[in-house]
Amino acid sequence: MLTDQKQMRCGGCGHDTFKVFTADRTVRIVVECQGCKSTSYIEPVPSKLTIEWGEGEGCITVF
Ligand SMILES: [Zn+2]
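In terms of the UniProt record's numbering, the sequence shown has 28 at position 28, counting the first letter as 1, and numbering is strictly consecutive.
Rendered as structure tokens:
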């Protein structure tokens with residue numbers, strides 16, 4: 001049981017029971033509220049490399 005997590009609810013009806021489906025097999029998950037049957041999509045955003053200044057005067061860059 002997850003006791004240290006915030007429980008999510010439907011933004012429309014406030015119900016807290018959902019069914020989970022694969023929307024696009026490997027990309028998105030769709031969640032259906034069991035109260036009002038509205039759906040929400042859960043999709044991960046691909047990570048992106050960022051370069052920040054470290055010690056010294058130079059920062060790696062693309063020429
Ligand atoms: Zn709902």
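C-beta atoms are modelled at their ideal positions from N, C-alpha and C, and glycine is treated no differently.
Note that the structure is predicted; figures quoted are calculated from it, not measured.
Quiz item: So, using beta-carbon positions, are Arg-25 and Glu-43 closer together than 9 Å?
Solution: The Cβ-Cβ distance between Arg-25 and Glu-43 does not fall below 9 Å.
Quiz item: With respect to 8 Å, is the separation between the Cβ of Lys-37 and the closest non-hydrogen atom of ligand 1 below this value?
Solution: yes
Quiz prompt | Residue from Gly-12, Met-1, Gln-5, Asp-4 whose Cα sits closest to the Cα of Ile-39 | solution = Just to set this straight, residue 39 is Thr in the shown sequence, not Ile. When only C-alpha atoms are compared, the closest one is Gly-12.
Quiz item: From Phe-18 to Ser-47, what does the alpha carbon distance come to, in whole angstroms?
Solution: 28 Å
Self-check item: Span of the beta strand (DSSP E), counted from its first residue to its last, around Cys-33
Solution: 29 to 33
Quiz prompt | Under the three-state DSSP convention, the category Thr-17 falls into | solution = coil
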